[in-house]
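Structure, as structure tokens:
In our numbering, the protein residues as written are 554 to 1290.
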């Protein structure tokens, strides 16, 4: 049984009893906001991978000053741990790059802690933090995403109230530090920034010699390796080197002992392997030098390997495993970076499982430890992004050059991310750079990441800035889908696709919303999603796609392409249909039987013109004798996914060809089409398809069986292009399986 995260009473200061405090009102709020109060705000123990029984939660009302160069801009109360800009903080003020946030509160050390060291712990503070206890500086930290702590024992008074002051500066988008998408720039898609304390603050008593972290590795053969990181106070007695580990396997207790630096080894016979289908966790207890912590372990392995066809695949527990799940940005309308409650934090993951997914990409943000604990328990694989920062580069641009200070800070924060989150079995991959944002020394940073953690997959560059490094070739295609060819040493991965939008005005952050494609009804969106995932399924078989990330879990501020609305009130598509089509991704890939071939393998001759025809060009009796002839496909070189055999570089093209449909019964006829951009397709003068926008690869579109008759018929196409690349090719297949 896994140890439950213990609860603690929130430490109260005199200022906590403030009847005038209230949260602000954001444009929309979640249903969990009503459960937040100064005496009930994230009361759960925040570090489930290393649990101690005694602790004191410092969440609640604090005094806050916002100081600028010209004086004090704000004085009042703030509800910790919600960022200053959020509604739930009660402040909802924008922080400027030169501002200093000054948090203050008092606390009392419980009498039972006498004789122990007191550690002050922070889940995360954005971005530069200075900590004072009773006016004495006890530590400083730079980094907006990683947990940190200080031993404050020597700064404490013998008894009575202790004063705590936290000073924070956050340059947001005015500096090169990692910051994710929380910036103020008006161009592009950017979100409200997050400043100050945004995760739980707590105190706990520890011995002079204490356990700081566990290093846990569960192997497929049932071997469990456990080692420790330790903290030793300067005045503590010399610690014993031996530590003890106890693992619970059903009714059995398995134990081992070792010396720090040499992992303790426990062998579990016939271990239950961890996977999304069976997320088995084993309870652990570790003791050393008078310190005792509870934790857990799992047995699983992620790696690259070959499938039966010799293609490079992602393997989970030794077998090819397809990863499918949403891009999860972790923003909340009322708490911004901070979920209003732990139940809310867990809800997004529970819904992700309900939709049939087995995977989440945590996008340019790091969550509280409890989020990963929920993934471990629910059974969700995670690719964790390093938060982005600094300048952008395009796909053809060289890597940027960072200043020595910015380079060192990036490496410091990347190290902290990996070292402090590699405990969790759900985390199976690290994404170092996203879409060229702050991308520098890609190969070096890939090796740097590999040295920190050789047990997980590495995406060097998610998006369009591939440098031939890392374990995955990662493309972003909207709406897609599409897939790169696997390589001998790298698997094929679709790091972002989809982005289908459905604006729901009463649940939107602002009046206008944005999506890669927009739909008007739940039914339209569901149909589009089903078609999108059906096309994704084909790519698993050919070229051999290993995983894909659908954009995205929820709407976020101006983006309305979430599966849920930003306030988590509405799930937009039909959940049953979505889950059904997702589950089919894990079946053997379907087969496509050509009815009318495309020009993918062999150029098929069409009659074509770039001058608007006079008359009904789509009708069988129309004369195209004065049109040109050429092999498909038609377009310009460099258009993604295009196989150009005849150049087409004008705004419009009209195509015709006579086809001979073989006699027979077609179970599931589909157009196989690649169009860039708007297209109309006719069969014997009847409209089969009308679509706007573009595709980046060949996709399938269902057609009416009744239109497909045996014998001679005419297929006619009009395609219109306005910007960027252009391409058109069309055929008909029967989808089976």
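Glycine is no exception: its CB is placed at the ideal position from the N, C-alpha and C atoms. Predicted model, so just to flag it, every value in this text is computed and none were measured.
Which of the three DSSP states is assigned to residue i in this structure?
i	result
residue 987	strand
residue 1055	coil
residue 642	coil
residue 972	helix
residue 1162	strand
residue 795	strand
residue 701	strand
residue 908	coil
residue 625	strand
residue 1177	coil
residue 948	coil
residue 1229	strand
residue 1281	strand
residue 552	It is not possible to answer for residue 552, since the shown part of the chain is limited to 554 through 1290.
residue 1274	coil
residue 882	coil
residue 589	coil
residue 603	coil
residue 1027	strand
residue 1205	strand
residue 998	helix
If we ignore side chains and look at the alpha-carbon of each, how far apart do residue i and residue j end up?
i	j	result
residue 1283	residue 1151	6 Å
residue 882	residue 626	31 Å
residue 958	residue 764	32 Å
residue 808	residue 967	34 Å
residue 940	residue 1200	42 Å
residue 712	residue 658	16 Å
residue 1073	residue 1243	17 Å
residue 637	residue 631	7 Å
residue 735	residue 1165	48 Å
residue 583	residue 589	11 Å
residue 997	residue 955	13 Å
residue 550	residue 617	Examination of residue 550 is not possible in this model, given that the chain is present from 554 through 1290 alone.
residue 710	residue 842	26 Å
residue 857	residue 733	29 Å
residue 1168	residue 1278	29 Å
residue 726	residue 1275	34 Å
residue 1075	residue 1055	8 Å
residue 1024	residue 1061	38 Å
residue 944	residue 1058	34 Å
residue 578	residue 887	8 Å
residue 846	residue 1079	47 Å
residue 815	residue 772	17 Å
residue 714	residue 661	5 Å
Within its chain, find whatever has a CB closer than 8 Å to the CB of residue i; leave out the 5 residues flanking it on each side and keep chain order.
i	result
residue 1261	1148, 1214, 1219, 1222, 1236 and 1285
residue 690	683 and 684
residue 699	677, 919, 966, 969, 970 and 973
residue 1127	1075, 1076 and 1079
Would you please state the rounded distance, in angstroms, between the beta carbons of residue i and residue j? I believe it to be under 8 Å.
i	j	result
residue 1135	residue 1068	So it is not a contact: roughly 20 Å between Cβ atoms.
residue 609	residue 663	7 Å
residue 829	residue 1103	That belief does not hold up - the Cβ atoms of residue 829 and residue 1103 are roughly 16 Å apart, past 8 Å.
residue 1101	residue 877	6 Å
residue 1294	residue 1046	Examination of residue 1294 is not possible in this model, given that the chain is present from 554 through 1290 alone.
residue 1291	residue 985	With the chain represented from 554 up to 1290, any question about residue 1291 goes unanswered, as that position is not in the structure.
residue 675	residue 752	7 Å
residue 1036	residue 1098	4 Å
Beta-carbon within less than 7 Å of residue i's beta-carbon, same chain only, minus the 5 sequence neighbours each way: which residues are those?
i	result
residue 1198	1152, 1156, 1184, 1185 and 1186
residue 1088	1034, 1252 and 1253
residue 1137	1090
Below 6 Å CB to CB, which residues in the same chain sit around residue i once its five sequence neighbours on both sides are set aside?
i	result
residue 1233	1243 and 1271
residue 813	781 and 794
residue 819	777, 800, 807 and 809
residue 1031	1052 and 1069
residue 1193	1249
residue 1245	1231
residue 716	659 and 687
Within 6 Å: the Cβ of residue i and any heavy atom of the ligand GDP?
i	result
residue 1260	In the structure on display, the ligand GDP does not appear, and there are no ligands present to speak of.
Meets three-Cβ-pair contact criterion under 8 Å: the segment 892-906 and the segment 931-947: yes
Cβ pair count under 8 Å reaching 3, the segment 1122-1132 against the segment 1154-1161: no
Segment contact, 8 Å Cβ cut-off, at least three pairs: the segment 783-797 with the segment 821-830: no
Any 3 or more C-beta pairs closer than 8 Å across the segment 740-758 and the segment 707-727: yes
Contact between the segment 637-647 and the segment 752-762 (3+ Cβ pairs under 8 Å): no
Three or more C-beta pairs below 8 Å linking the segment 1200-1211 and the segment 1247-1259: Too few Cβ pairs lie closer than 8 Å, so no.
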